[in-house]
Amino acid sequence: MGTLLLPLLILFILCEIPIAISMGLAGFLYFFVNDIPLGTFLQQTLAGADSFVLMAIPLFMFAGELMNEGGLTPRLIRLANAFIGHFRGGLGMATVIVCMIFAGTCGSAVAEAAAVGALLIPAMVRQGYPKDLAAAITGAASELGPIIPPSVPMIIAASLSKVSVSKLFMGGMIPGILIGLTFIVTTAVLARREKIPIYSKANLKERIDSVKEGIWAVVAPVIIIGGMLGGIFTPTEAAAVATAYGFFVGFVIYRELKFADLPKICYKVLISTSTVMYIVALAKVYTFALTRERLPDLAANFLFNISTSPIVIMLVILVFIIILGMFLSTTPALILSIPLFIPFVAKMGFDPVWFYTFVTIALCMGTLT
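To convert, take the position in the sequence shown, counting from 1, and add 94; that gives my numbering.
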């Protein structure tokens, strides 16, 4: 039965069964065929979601929704546009910058794409950007959410691999910023190629006004990330601080949040969190079956049989991860791949923080491909 775990999962996915149910169903069949008590199935399901680290996920998502509904996103856009909007491709570059800052508050690519794309894609099209280019800029920039801390996928990776969340966040900071800067340069080159029109430069008063309004949005990731990296609070505490900050800015500073908005916000967070936790819980059953059949050890031995060179092995892993990311979203792909790589990382002596940061970035590349 162990050799059928992966083919069964692929079959269920090809039948368009949701990934969480596919993993749970494959795991259930494994339990049934091997006469494992179904009580163990329930125990593994609960164990998958029973992690203190995972408490940060709903809080970061809640913070992101509060900041979006509270008016932080349009003010960020205005701030970025006031300083670089007069360059060719300035609005596209502003989109990347806004996504980089927004990534420092919510950690979700979907939330970024929804919040930023709804405002900036139509604006870019009105300024003469081709629709496909506007969508591509927003889609690529939104993938910075899982890389720049706080990152929901990195929280899940830390929960699975027992690596420090704070260290994973630190591991994603510099690569995320460098990737964002690369996106800005690429956007400028594409804008020149597409002959995107140049618009007038914002005057000093407009810039000062944009700073006054947007400073609260810029401060948010500084407080959240700086607090974690400085050891002031844990990632879960940082998520709670981010939520409190979102309430404060939305209700007190910008006054765009109303108590009547809270049910809608809570519903969005409930749906998003339930989706993630549903996958995490049922994936625990599937990874239990993989581990029981020693498939992670077999995968490590397979890689060592290909080559003993770390560079060659990492290239093979990179190709595998990118292909996996092309067909699965980041969260389920992480849940499937990390248990397979744990023995390999131990045998190779790789730094787990570096390796799982590498896997997260590679999966984001695959998602964009």
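The beta-carbon is built from N, C-alpha and C at its ideal position, and this holds for glycine as well.
Are the segment 137-145 and the segment 379-391 touching by the rule of at least three beta carbon pairs closer than 8 angstroms? yes
Rounded separation between G121 and S255 - CA only: Stepping through the sequence shown from its first residue, residue 121 is reached at position 27. Stepping through the sequence shown from its first residue, residue 255 is reached at position 161. Taking the straight line joining both Cα atoms gives about 20 angstroms.
Sequence-distant residues of the same chain with beta carbon closer than 8 angstroms to M267, five excluded per side: On the sequence shown, residue 267 is found 173 positions in, with the first residue counted as 1. I242, P243, I319, L323, listed in sequence order.
For the pair the segment 96-116 and the segment 337-345, tell me if three or more CB-CB distances fall below 8 angstroms. no
Can G321 be considered in contact with the ligand GTP, in the sense that its beta carbon sits closer than 7 angstroms to one or more heavy atoms? Although the ligand GTP was asked about, the structure shown includes no ligands whatsoever.
For L132, collect the residues of the same chain with a Cβ closer than 7 angstroms to its Cβ; drop the 5 residues on either side in sequence, then sort them by chain order. Position 38 of the sequence shown, counted from the start, is the residue given in the question as residue 132. Excluding residues within five positions, the ones whose Cβ falls inside 7 angstroms are F125.
Suppose you measure from the CA of L364 to the CA of P152; what does that come to, to the nearest Å? Within the sequence shown, numbered from 1, the residue matching residue 364 stands at position 270. Within the sequence shown, numbered from 1, the residue matching residue 152 stands at position 58. Roughly 8 angstroms separates the two Cα atoms.
Expected contact under 8 angstroms - CB spacing of V312 and I195 to nearest Å: One-based indexing of the sequence shown puts residue 312 at position 218. One-based indexing of the sequence shown puts residue 195 at position 101. About 6 angstroms separates the two Cβ atoms, so the contact holds.
Three-state secondary structure (DSSP) at V192? Position 98 of the sequence shown, counted from the start, is the residue given in the question as residue 192. Helix.
Leaving aside the five residues before and after P433 along the sequence, list all residues of the same chain whose C-beta is less than 8 angstroms from its C-beta, in chain order. Counting from 1 along the sequence shown, the entry for residue 433 is found at position 339. So the list reads L254, T381, L384, T385, P390, once near-sequence residues are dropped.
For G325, which of helix, strand or coil comes out of DSSP? The sequence position of residue 325 within the sequence shown is 231, counting from 1. If DSSP states are grouped into helix, strand and coil, G325 belongs with coil.
In whole angstroms, give me the CA-to-CA distance for A440 and N175. On the sequence shown, residue 440 is found 346 positions in, with the first residue counted as 1. On the sequence shown, residue 175 is found 81 positions in, with the first residue counted as 1. Distance between the alpha carbons of A440 and N175: 47 angstroms.
Among F414, V246, T281, G274, the one whose alpha carbon lies nearest that of M218: Position 124 of the sequence shown, counted from the start, is the residue given in the question as residue 218. The residue with the shortest Cα to Cα distance from M218 is T281.
Are at least three pairs of beta-carbons, each pair with one atom in the segment 354-368 and one in the segment 397-413, less than 8 angstroms apart? no
Complete runs of the alpha helix (DSSP H) confined to the segment 342-405 [at least 4 residues]: 356-386, 389-400
Please name the residue in I373, L166, L160, E159 whose C-alpha comes closest to that of I309. As a position in the sequence shown, residue 309 is number 215, starting the count at 1. The option with the nearest alpha carbon to I309 is L166.
Alpha carbons only, please: which of L418, I429, R172 is nearest the one belonging to R301? Within the sequence shown, residue 301 is the residue found at index 207, counting from 1. The option with the nearest alpha carbon to R301 is R172.
Sequence-distant residues of the same chain with beta carbon closer than 6 angstroms to A393, five excluded per side: Counted from its first residue, the sequence shown places residue 393 at position 299. For A393, where only same-chain residues beyond five positions count, the Cβ hits under 6 angstroms are L434.
Neighbourhood of M187 by C-beta, 6 angstroms cutoff - its chain only, sequence neighbours within 5 removed: Your numbering for residue 187 matches position 93 in the sequence shown. So the qualifying residues of the chain are I178, I278, T281.
For T232 and T189, which I take to be in contact (beta-carbon distance under 8 angstroms), what is that distance rounded to the nearest angstrom? Taking the first residue of the sequence shown as 1, we reach residue 232 at position 138. Taking the first residue of the sequence shown as 1, we reach residue 189 at position 95. Sure, about 6 angstroms apart at Cβ, within 8 angstroms.
What does the alpha-carbon distance come out to for the pair D226 and G211? For the purposes of this step, residue 226 is taken as the residue at position 132 of the sequence shown. For the purposes of this step, residue 211 is taken as the residue at position 117 of the sequence shown. So the alpha carbons of these two residues sit roughly 12 angstroms apart.
Quick check on I115: does DSSP put it in helix, strand or coil? Working through the sequence shown from its first residue, we reach residue 115 at position 21. I115 falls in the helix class under three-state DSSP.
Suppose contacts are defined by Cβ-Cβ distances below 8 angstroms. Is A150 in contact with P329 by that definition? Taking the first residue of the sequence shown as position 1, residue 150 is located at position 56. Taking the first residue of the sequence shown as position 1, residue 329 is located at position 235. Yes; because the gap between Cβ atoms is below 8 angstroms, this pair is in contact.
Would you kindly check if the distance between the Cβ of A203 and the Cβ of T463 is under 8 angstroms? Position 369 of the sequence shown holds residue 463. Position 109 of the sequence shown holds residue 203. Their beta carbons are not under 8 angstroms apart, which means T463 does not touch A203 by this criterion.
Beta-carbon proximity of V453 to I415, cut-off 8 angstroms: To locate residue 453, count along the sequence shown from 1; it is residue 359. To locate residue 415, count along the sequence shown from 1; it is residue 321. Yes, the pair counts as a contact, with Cβ atoms nearer than the cut-off.
What alpha helix (DSSP H) runs, 4 residues minimum, are completely inside the segment 141-167? 150-163
Environment of S431 [buried if 16+ CB atoms lie within 10 Å]: Numbered from 1 along the sequence shown, position 337 holds the residue referred to as residue 431. So S431 counts as buried.
For Y293, which of helix, strand or coil comes out of DSSP? Within the sequence shown, numbered from 1, the residue matching residue 293 stands at position 199. It is coil, neither helix nor strand.
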